[in-house]
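Trainee:
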Amino acid sequence: MTLPVWRTEWLTALRRRRLLLLNTLIPLAFVAPIALSSAPAVHAAAAFTVLFALFGTFGSSIPLIRDDESGLLRRYMLTGVHPGGLLLQHVFANAALDLMELAPSVLVIVVARGSSAAHVAMVVPAMVLGLVAANALGALTAALAKSVAEGALFSAVSALLLLHWAGTFRTPVPGTWQATLETWNPFRPLHESLLGAAGAGGPDLDPALFTTPIGVTLAVLLVITG
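Those letters in the sequence shown? Residues 13 to 238, by our numbering.
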């Protein structure tokens with residue numbers, strides 16, 4: 013069977029309709045009141061970025077830990093699936109599912125805040141990169157955790173730390189090591205795109221904004237699949 017992990021993740025998600033609906037409605041219930049309110053764009057964008065990053069990180073880490081505890085991952089490997097390929101399929105399948113589940117929330121932000129076409133064009137690739145990075149981070153924390161509780165703790169701490177270094181909560185002083193980390197951070201394009209979409213202006217689609225974060229994300233994927 014081609015891409016068995018990808019196929020399993022998608023079939024399981026689509027057949028668990030209640031969970032799929034909840035995974036769509038719960039972020040929407042959080043996003044909609046903020047997007048429709050008069051909350052400053054800076055605060056709204058920070059809230060959206062944190063939600064999306066944690067959604068991807070937790071959604072990757074916790075299922076992996078449970079699959080390991082149940083023996084499912086070992087059974088996959090006994091069928092000939094390479095451990096690295098298993099994790100890659102997991103990361104990209106879950107990132108794609110996350111993108112589908114979060115699309116209504118992004119649509120509400122765009123409509124409620126009157127985002128321009130240029131800002132929408134920036135949000136889409138930023139969401140893809142941010143969700144792949146979040147799922148890769150989730151896979152990394154799952155590898156370090158020995159229980160679901162540890163996985164949740166590691167996911168929360170690591171995601172919030174990366175969000176801080178991405179400039180989500182404050183802008184670093186230019187020329188400092190924090191500013192360098194912000195440039196490398198795969199959550200930075202997500203935050204800046206949502207900042208623009210939320211009404212704070214900002215740059216149009218800038219390929220240079222994605223170059224280094226994409227490289228960092230690919231390096232993390234190589235580490236966890238090596």
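Here a beta-carbon is modelled for each residue, glycine too, at the ideal position from N, C-alpha and C.
Since this is a predicted model, take the numbers as computed values, not measurements.
(1) In its own chain, which residues sit with a C-beta less than 6 Å from the C-beta of V185, not counting the 5 before and 5 after it?
(2) For A148, tell me which candidate among G208, S72, R125 has the shortest Cα-Cα distance.
(3) Give the secondary structure of S170 by DSSP, where H, G and I count as helix, E and B as strand, and everything else as coil.
(4) Near H127, what residues of its chain come up, given a Cβ to Cβ distance below 6 Å and the 5 sequence neighbours on each side ignored?
(5) Taking one C-beta from the region 55-69 and one from the region 182-202 each time, how about it: are there three or more such pairs within less than 8 Å?
(6) Suppose contacts are defined by Cβ-Cβ distances below 8 Å. Is A47 in contact with V120 by that definition?
(7) Cα-Cα, which of S159, T153, A220, A145 is closest to R78?
(8) In its own chain, which residues sit with a C-beta less than 6 Å from the C-beta of L109, not counting the 5 before and 5 after it?
(9) Identify every run of the beta strand (DSSP E) within the region 30-114, keeping only runs that are complete inside it and at least 3 residues long; order them along the chain.
(10) What are the start and end residues of the alpha helix (DSSP H) that includes G211?
(11) What residue range does the alpha helix (DSSP H) around R28 cover?
(12) Note the first and the last residue of the continuous alpha helix (DSSP H) segment covering A220.
(13) Under three-state DSSP, which class holds P198?
(14) Can you say whether P39 is buried or exposed, counting buried as having 16 or more other CB atoms within 10 angstroms of its CB?
(15) So, with DSSP's three-state summary, where would you put T192?
(16) If you scan the region 139-188 from start to end, which runs of the alpha helix (DSSP H) of 4 or more residues do you find wholly inside it?
(17) Sorted by chain position, which residues of the same chain lie with C-beta nearer than 7 Å to V118's C-beta, five sequence neighbours on each side aside?
(18) For the candidate residues N35, P225, T180, whose alpha-carbon lies nearest to that of L114?
(19) Confirm, please, whether the CB-CB distance from V235 to Q101 is below 8 Å.
Mentor: The short version:
(1) none
(2) S72
(3) helix
(4) The residue you asked about is not His; residue 127 is Ser in the sequence shown. The residues are A209.
(5) yes
(6) A contact, by the Cβ cut-off of 8 Å.
(7) S159
(8) Around L109: A25.
(9) none
(10) No alpha helix (DSSP H) contains G211, which DSSP labels as neither H nor E.
(11) In this chain, R28 is not harboured by any alpha helix (DSSP H), its DSSP state being neither H nor E.
(12) First-last of the alpha helix (DSSP H) with A220: 220-237.
(13) coil
(14) Under this definition P39 is a buried residue.
(15) helix
(16) Note on the region 139-188: whole alpha helix (DSSP H) runs with a minimum of 4 residues are 160-177, in chain order.
(17) Taken in chain order, the residues that qualify are V135, M139.
(18) N35
(19) Cβ atoms of Q101 and V235: not closer than 8 Å.
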